[in-house]
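Encoded as structure tokens, the structure appears first; notes follow it.
In UniProt numbering, the protein residues as written are 1 to 188.
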């Protein structure tokens, strides 16, 4: 394999390890919600970089002259794509676990005796955190929209020597308002 392919593969492994470390941090996050939001933002950026590097590696595979090198690199691309999907699933699970932990901590804070203002503030934080985590999970699950369908083909033209004639036929015995349009094709 060429040097750029090896470098790209090493970068993919490094990014994957960084993502796994951030996911572990999310799983262990006990608050505040701003920390969880920041960690999720970091993971999203790393996932975006990982996708781009996987596409780069795939492009490099297509440029290979030897078929064996091409297949080997494409096999690595497939493995990295599977790992990307696994990381996304782990991230979702870590966010759910972290949210449950944060909810539990906030409930305990609400139950403890204290200032009414602090309790109201904690309730607002719970509501805000639920919205943040929900928005984060929705952002992770969004896929790009499918391409629009192709336009329908135009109707075929009449055969040579044939012309379309449109005329209105009035049915005898009926009121003039009841007319029908009849389309015929005549050879002239």
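Glycine included, C-beta positions come from ideal geometry on N, C-alpha and C.
Reduced DSSP secondary structure (H/G/I, E/B, other) of residue i
i           : result
residue 131 : helix
residue 124 : helix
residue 4   : helix
residue 66  : coil
residue 41  : helix
residue 24  : helix
residue 30  : coil
residue 112 : coil
residue 166 : Interpretation of residue 166 is limited by its pLDDT of 46, a score under 50 that renders its predicted location unreliable; the figure taken from the coordinates is listed afterwards. In the structure shown, residue 166 sits in a strand (DSSP, three-state: E or B).
CB contact flag (residue i, residue j, <8 Å)
i           : j           : result
residue 36  : residue 98  : yes
residue 26  : residue 47  : no
residue 23  : residue 94  : yes
residue 60  : residue 7   : no
residue 83  : residue 16  : yes
residue 102 : residue 31  : yes
residue 77  : residue 58  : yes
residue 87  : residue 19  : yes
residue 106 : residue 132 : no
Any non-hydrogen atom of the ligand SAM closer than 7 Å to residue i Cβ
i          : result
residue 46 : Although the ligand SAM was asked about, the structure shown includes no ligands whatsoever.
Close beta carbons around residue i, own chain, < 7 Å, minus the five adjacent residues each side
i          : result
residue 56 : 8
Neighbourhood of residue i by C-beta distance below 8 Å, restricted to the same chain and skipping five residues each side
i           : result
residue 128 : 33
Own chain residues within Cβ distance below 6 Å of residue i, not counting five before or after
i          : result
residue 80 : 12, 54
Contact with chain E by residue i, beta-carbon distance below 8 Å
i           : result
residue 128 : In the structure shown, chain E does not exist; there is a single protein chain.
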